[in-house]
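Engineer: The structure under discussion is supplied below as structure tokens; questions concerning it will follow.
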Amino acid sequence: MSAITMYSTRSCPFCVQAENLLQRKGLAVNKILVDQNQDDFVTMVERTARRSVPQIFVGNRHVGGLTDLVALDQSGQLDEWIKVVEQHESV
């Protein structure tokens, strides 16, 4: 299972940028396309209280959107969050 979940749409340039950042770090992304399934959109809004994409999770921890992801990566916290999730999954 991927440590990264991203609610996205097929045509979102910010989603593409977020996915590219994560892939450059060697991470697999579980994309949920909310423009293809209304129930997935409702779930995203319920989980995040946000209606915009991308909405990114590391494990069950909500990162936010692209700007939040970039800030988390630049601060070094993204790597820490991923390490914790991966250690937990390997137990």
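Throughout the sequence shown, residue numbering follows full-length UniProt numbering, covering 1 to 91 in sequence. Where a beta carbon is used, it is the ideal one built from N, C-alpha and C, also for glycine.
Would you mind listing the beta strand (DSSP E) stretches within the region 22 to 52 that are 3+ residues and don't spill past its ends, in chain order?
Structural biologist: 29 to 33
Engineer: Tell me which residues share the same chain as residue 86 and place their Cβ nearer than 7 Å to its Cβ, disregarding the 5 neighbours each side in the sequence.
Structural biologist: Locating residue 86 in the sequence shown gives position 86, counting from the first residue. Around residue 86: 3.
Engineer: Assign residue 26 to one of two classes, buried (16 or more other C-beta atoms within 10 Å of its C-beta) or exposed (fewer than that).
Structural biologist: Taking the sequence shown and counting its residues from 1, the one referred to as residue 26 is at position 26. The residue is exposed, with fewer than 16 neighbouring Cβ atoms inside 10 Å.
Engineer: So, is residue 54 buried or exposed, given that buried needs 16 or more other C-beta atoms within 10 angstroms?
Structural biologist: Position 54 of the sequence shown, counted from the start, is the residue given in the question as residue 54. Counting Cβ neighbours within 10 Å, residue 54 comes out buried, since at least 16 surround it.
Engineer: Please report the Cβ distance between residue 5 and residue 57, rounded to the nearest whole angstrom; I am assuming they are in contact, meaning their Cβ atoms lie under 8 Å.
Structural biologist: Numbered from 1 along the sequence shown, position 5 holds the residue referred to as residue 5. Numbered from 1 along the sequence shown, position 57 holds the residue referred to as residue 57. Residue 5 to residue 57, Cβ: 4 Å. Contact.
Engineer: Is residue 5 helix, strand or coil when you go by DSSP?
Structural biologist: Position 5 of the sequence shown, counted from the start, is the residue given in the question as residue 5. Here residue 5 sits in strand by DSSP.
Engineer: Strictly by DSSP, which residues pair up with residue 58?
Structural biologist: Here residue 58 is taken as the residue at index 58 of the sequence shown, counted from 1. Beta-bridge pairing links residue 58 to 4 and 61.
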